[in-house]
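Working notes for the structure below.
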Amino acid sequence: MIEFNRRSLLRTAALAGAAAATGLAAGAPAAAAATTEVVNGPWLVSVGWGVLQVNPGRTTPQRLLDDGDQATTSPDGRYVAWINNARSGDGSLEPYVSLYDRVTGEIRKLLADPFGVVYGAPTWSPDGTQIALVIGNDTLVAIDVATGGKRVLAQGHTMYRPNWSRDGSMIVMQWTSRSEGPQLRTLELATGKVRPIYTREAAGESFHGPVFMPNSERVVFCTNRWTRDSEVLGGAALASVRIDGTGLKRLTDEPRYYLSPVFSPDGRYCAALSVPPTNEAPDGGNIIVSTSGFGEPWWIPGDEYDDSSRLDWARAI
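Numbering-wise, my numbering comes out as the position in the sequence shown, counting from 1, plus 443.
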């Protein structure tokens, strides 16, 4: 059972920033709806067994989905894709990939397999017609949303957490090289070429959660490259690197627990799951937001999302 513990996290100025980030400002249109104004909508927080929705101007989340994990919203904001890898108590639920319609409330399964098949976190193509995810840790596939048909994009290596660029040309993912160890790699969809863009500096470094910046020219990710000696439990930083592997930058100064960075639909903000100084352990934490320039961040007030696994930011519909 998930418990929500009310925490007073924000000063007055931060509340104003949160209001702006959740829908009061519009930016450049997204690729999926080039003629429609982009307005930021709710956050979706996957908590391992179910998905919560945090609406703009609200602090207490509502339960959107009762099962599943790793939820992500289509570029037009209408559909939520999520996975399930576990059995329910009576054994009735087995691995599947499903879509939830935020307008009608209807749910449709895209994939279903016997227990033991493992689905990874899904990511949408910018036109909303495909979803990419890893099956069994070593096969990256693209699923046709209309038909449920799938095609293999890459196979034979350990892969996690793919993210599709907004220009549609690439997918970035965590990758384990047999000779060089953990890396971030991009897959160029037009050619099928896979290129490393980041390799860990030392054996003690961990990194995860790669996501393209809205302009598709850099990748943001979480790393403890500069914070391995920090006394902050789970302390890390956000970093970025160009898609050619050059220009590594540290984006945040204070060591924190970071998980699942995501950019707002309008491209003007970046949010992540993190842990406020008032929390004693990195247990999922709360939502931290900054501008896309990674200036002074602010916390979203409200409840603590224990054991969260993914944050997504939906477009308003």
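Virtual Cβ for every residue (Gly too), placed ideally from N, Cα, C.
*asked:* At the level of alpha carbons, what is the spacing between residue 587 and residue 737?
replied: Position 144 of the sequence shown, counting from 1, holds the residue named residue 587. Position 294 of the sequence shown, counting from 1, holds the residue named residue 737. Taken atom to atom, the span from the alpha-carbon of residue 587 to that of residue 737 is near 35 Å.
*asked:* Just to check my reading of the structure: residue 555 and residue 565 have Cβ atoms closer than 8 Å, yes? What is that Cβ distance to the nearest angstrom?
replied: Walking along the sequence shown from the start, residue 555 turns up at place 112. Walking along the sequence shown from the start, residue 565 turns up at place 122. About 14 Å separates the two Cβ atoms, so there is no contact after all.
*With DSSP as the reference, label residue 475 as helix, strand or coil.*
On the sequence shown, residue 475 is found 32 positions in, with the first residue counted as 1. Bear in mind that a pLDDT of 37 at residue 475, under 50, signals an unreliable position, so the number given afterwards is only what the model happens to contain. Residue 475: helix per DSSP, three-state reduction.
*Could you tell me whether the stretch 596-612 touches the stretch 544-553, where touching means 3 or more Cβ pairs closer than 8 Å?*
No, the stretch 596-612 does not touch the stretch 544-553.
_Assuming the contact rule is C-beta atoms closer than 8 Å, residue 613 and residue 632 should be a hit. Round their C-beta distance to whole Å, please._
On the sequence shown, position 170 is the one that residue 613 refers to. On the sequence shown, position 189 is the one that residue 632 refers to. The pair is a contact, with the Cβ atoms about 6 Å apart (cut-off 8 Å).
_Quick check on the burial criterion: 16 or more other C-beta atoms within 10 angstroms. Buried or exposed for residue 623?_
Position 180 of the sequence shown, counted from the start, is the residue given in the question as residue 623. Exposed: under 16 other Cβ atoms inside 10 Å.
*Which same chain residues, not among the five before or five after residue 601, have their C-beta less than 8 Å away from its C-beta?*
One-based indexing of the sequence shown puts residue 601 at position 158. In the same chain as residue 601, and ignoring 5 residues on each side of it, the C-beta atoms closer than 8 Å to its own belong to 580, 581, 618 and 619, in chain order.
_Less than 7 Å between the C-beta atoms of residue 590 and residue 755, yes or no?_
Along the sequence shown, one-based indexing puts residue 590 at 147. Along the sequence shown, one-based indexing puts residue 755 at 312. Going by beta carbons, residue 590 and residue 755 fall outside the 7 Å limit.
*Measure the C-alpha to C-alpha separation of residue 769 and residue 664 and round it to an integer number of angstroms.*
Outside the modelled stretch of the chain, which goes from 444 to 760, sits residue 769, for which no answer is possible.
*With a CB to CB cut of under 6 Å and the five nearest residues on each side skipped, what residues in its chain are close to residue 489?*
Here residue 489 refers to the residue found at position 46 of the sequence shown. 512, 513, 514, 752 and 753, listed in sequence order.
*asked:* Which same chain residues end up closer than 6 Å to residue 524 when comparing Cβ atoms and leaving out the 5 residues on each side of it in sequence?
replied: Position 81 of the sequence shown holds residue 524. Cβ neighbours of residue 524 beyond the five flanking positions: 515, 542, 565 and 574.
_Quick check: the Cα distance between residue 741 and residue 557, rounded to an integer number of angstroms?_
Residue numbering aside, residue 741 sits at position 298 when the sequence shown is read from its first letter. Residue numbering aside, residue 557 sits at position 114 when the sequence shown is read from its first letter. Those two C-alpha atoms are separated by around 43 Å.
*Leaving out five residues on either side along the sequence, give the residues of the same chain with a beta carbon under 6 Å from the beta carbon of residue 537.*
Position 94 of the sequence shown, counted from the start, is the residue given in the question as residue 537. Counting only Cβ-Cβ distances below 6 Å, and skipping sequence neighbours, we find 558.
*Buried or exposed for residue 658, please, with buried defined as at least 16 other CB atoms from any protein chain shown within 10 angstroms of its CB.*
Position 215 of the sequence shown, counted from the first residue, corresponds to residue 658. Residue 658 comes out exposed.
*Under 7 Å Cβ to Cβ from residue 673, same chain only, skipping five residues before and after it: list those, please.*
Translated into positions along the sequence shown, residue 673 becomes position 230. The residues are 698.
*If you run the structure through DSSP and keep just helix, strand and coil, what is residue 528?*
Counted from its first residue, the sequence shown places residue 528 at position 85. It is coil, neither helix nor strand.
*Find out if the Cβ-Cβ distance for the pair residue 730, residue 567 is shorter than 7 Å.*
As a working note, residue 730 is residue 287 in the sequence shown. As a working note, residue 567 is residue 124 in the sequence shown. Result no, Cβ atoms of residue 730 and residue 567 do not sit closer than 7 Å.
_Within the continuous beta strand (DSSP E) that includes residue 489, where are the two ends?_
The sequence position of residue 489 within the sequence shown is 46, counting from 1. Where residue 489 is concerned, the enclosing beta strand (DSSP E) stretches over 481-489.
*Relative to the alpha-carbon of residue 509, which residue among 494, 694 and 668 has its alpha-carbon at the smallest distance?*
Position 66 of the sequence shown holds residue 509. For residue 509, the nearest C-alpha among the options comes from 494.
*Just reading off the beta strand (DSSP E) that residue 681 is part of, what are its end residues?*
By 1-based counting over the sequence shown, the position of residue 681 is 238. For residue 681, the uninterrupted beta strand (DSSP E) run begins and ends at 680-685, by DSSP.
_Those residues which DSSP pairs with residue 505 across a bridge_ = Translated into the one-based positions of the sequence shown, residue 505 becomes position 62. Paired residue(s): 496.
*Specify, as a first and last residue, the run of the beta strand (DSSP E) that residue 706 falls within.*
For the purposes of this step, residue 706 is identified with residue 263 of the sequence shown, where counting begins at 1. Counting along the chain, residue 706 sits inside the beta strand (DSSP E) bounded by residues 701-706.
_Taking the beta carbon of residue 593 as the centre, do at least 16 other beta carbons fall within 10 Å, making it buried, or is it exposed?_
Translated into positions along the sequence shown, residue 593 becomes position 150. Buried is the label assigned to residue 593, since at least 16 other Cβ atoms lie within 10 Å of its Cβ.
*Quick one: give me the first and last residue of the beta strand (DSSP E) that residue 630 is part of.*
Mapped onto the sequence shown, residue 630 falls at position 187. Unbroken beta strand (DSSP E) run through residue 630: 624-631.
_Nearest-angstrom beta carbon gap, residue 520 and residue 758 [assumed within contact, 8 Å]_ = Within the sequence shown, numbered from 1, the residue matching residue 758 stands at position 315. Within the sequence shown, numbered from 1, the residue matching residue 520 stands at position 77. Going by Cβ atoms, the distance from residue 758 to residue 520 rounds to 3 Å, so yes, they are a contact pair.
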